[in-house]
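Asker: Residue numbers (the working numbering): 59 to 419. Beta carbons are placed, not taken as given, at the ideal position from N, Cα and C, and that holds for glycine. Note that the coordinates shown come from a computational prediction; the quantities given were computed from them, not determined experimentally.
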């Protein structure tokens, strides 16, 4: 009788089974929710895309008379400078860049013409046209909340004399809301009209004179684009880099090689030269808006059949980086960049992202 009394009754068995089932279903629901969250996180860049229209972007010419040029002017070389809260670092970078473009004008025009393999008629047009300066600088203000625009106008008022105006035009593009470096570069590139376009960071970390090396490499390799590279610094010690940035660079390069699979040693250097005739095809297909957009450029270029060359540049770390070097912030930033690269590989492999243009011969 005692044994029969200790045996669970039928209702008790049902309750125990129901408890087990509830626990199992809760675990399955949690697992599915976790998987769904991971998938949404990975594909989040595919769900958002910056739009560049009159509603969220404004244009302004800086330091130039209204009748000096117009929106249809074509330049030999445009420099696209993404800037977010750069009131301290942009002025010295802009000053040195204007000085370099003015002092090296003739040599730069020659190198640009040679890198593009222009014939004599075209060289005369871009080398001697006095109505339109040969160079243009496009500052893309990525929704800055500090005095970036005021600092830009102040430095141009100081530096933009008549001889500089004859060499370089300056244009300000302002994104009303911060969209990310990739979105800022894309906006600047799609709004430039030049035979060549140079992406250059606002901090001036790469010496602007390294432009000569990129132009010469473009001529020698017949590449459609040339990436400035800091990979040589490990051996030649041309610049000092903090331990944090070194660690990030090595980890990032590992995942770039694994996920992107290109032979480029340094995809993230903010100093890249592009031929003007590929810009619409290349940047018109760009989706990533944040730091890892360079890796998608590599993927798009490969799918379009564009040739990429790489050359070492003079680079040094400049204080004031927008990358938070706190341990937690670095972990979040690294996870985000890794996520973006996985998203790029997955979206193109699954044909979620499709190129708008055909392969370029």
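1. Given a threshold of 16 other Cβ atoms within 10 Å of its Cβ, counted over all protein chains shown, does residue 149 qualify as buried or as exposed?
2. Please classify residue 397: does DSSP put it in a helix, a strand, or coil?
3. Which residues in the same chain have their Cβ closer than 6 Å to the Cβ of residue 244, if we skip the five residues on either side of it in sequence?
4. With residue 352 as the anchor, note down where its alpha helix (DSSP H) starts and where it stops.
5. I need the straight-line Cα distance from residue 364 to residue 85, nearest angstrom please.
6. Report the rounded CA-to-CA distance for residue 160 versus residue 226, giving the unit in angstroms.
7. I'd like the span of the beta strand (DSSP E) that includes residue 194, first residue to last.
8. When DSSP builds the beta bridges, which residues end up paired with residue 366?
9. Between the stretch 90-108 and the stretch 203-211, are three or more C-beta pairs nearer than 8 Å?
10. Report, in whole angstroms, the separation of the C-beta atoms of residue 285 and residue 360, which I expect to be a contact under 8 Å.
11. Strictly by DSSP, which residues pair up with residue 120?
12. Please classify residue 215: is it buried, with 16 or more other beta-carbons within 10 angstroms of its beta-carbon, or exposed?
13. Rank 335, 351, 349 by C-alpha distance to the C-alpha of residue 415 and give the top, closest one.
14. Can you find a heavy atom of the ligand NAP that lies under 8 Å from the Cβ of residue 313?
15. What does DSSP give as the partner residue(s) for residue 133 in the beta ladder?
16. May I ask which residues mark the beginning and end of the beta strand (DSSP E) holding residue 331?
17. Is the CB-CB distance between residue 370 and residue 279 below 9 Å?
18. Decide if residue 81 is buried, meaning its Cβ has at least 16 other Cβ atoms within 10 Å, or exposed.
19. Spatial neighbours of residue 283 within its chain, please: CB distance less than 6 Å, with the 5 preceding and 5 following residues excluded, ordered by chain position.
20. Any idea what DSSP makes of residue 138, helix, strand or coil?
21. Where DSSP assigns a beta bridge to residue 115, which residues make up the other side?
22. I need the straight-line Cα distance from residue 187 to residue 323, nearest angstrom please.
23. Compute the Euclidean distance between the alpha carbons of residue 397 and residue 219, then round it to the nearest angstrom.
24. Identify the continuous alpha helix (DSSP H) that holds residue 208 and give its terminal residues.
Answerer: By the coordinates alone:
1. It counts as buried.
2. Annotated three-state conformation of residue 397 is helix, per DSSP.
3. Within the same chain, residue 244 has close Cβ partners 341, 344.
4. Start and end: 351-362.
5. If you draw a straight line from the Cα of residue 364 to the Cα of residue 85, it comes to about 49 Å.
6. Going from the Cα of residue 160 to the Cα of residue 226 covers about 8 Å.
7. Run containing residue 194: 193-200, per the beta strand (DSSP E) assignment.
8. Under DSSP, residue 366 shares a beta bridge with 283.
9. Three or more Cβ pairs closer than 8 Å define a contact, and the stretch 90-108 falls short of that threshold against the stretch 203-211.
10. That pair is no contact at about 13 Å.
11. DSSP output for residue 120 lists 228 as bridge partner(s).
12. So residue 215 ends up on the exposed side.
13. Cα-wise, what sits closest to residue 415 is 335.
14. Of ligands this structure carries none, so the ligand NAP is not represented either.
15. Looking at the DSSP assignment, residue 133 forms a beta bridge with 252.
16. Segment 329-333, the beta strand (DSSP E) holding residue 331.
17. Taking the C-beta atoms as reference points, residue 279 is found no nearer than 9 Å to residue 370.
18. Exposed: under 16 other Cβ atoms inside 10 Å.
19. The residues are 332, 366.
20. In this structure, DSSP gives residue 138 an extended state, which the three-state scheme calls strand.
21. Residue 115 pairs with 233.
22. Note that residue 187 scores 49 on pLDDT, short of 50, meaning its location in the model is unreliable; the coordinates nonetheless yield the value given after this. Distance between the alpha carbons of residue 187 and residue 323: 38 Å.
23. Computed Cα separation, rounded: 46 Å.
24. Where residue 208 is concerned, the enclosing alpha helix (DSSP H) stretches over 206-217.
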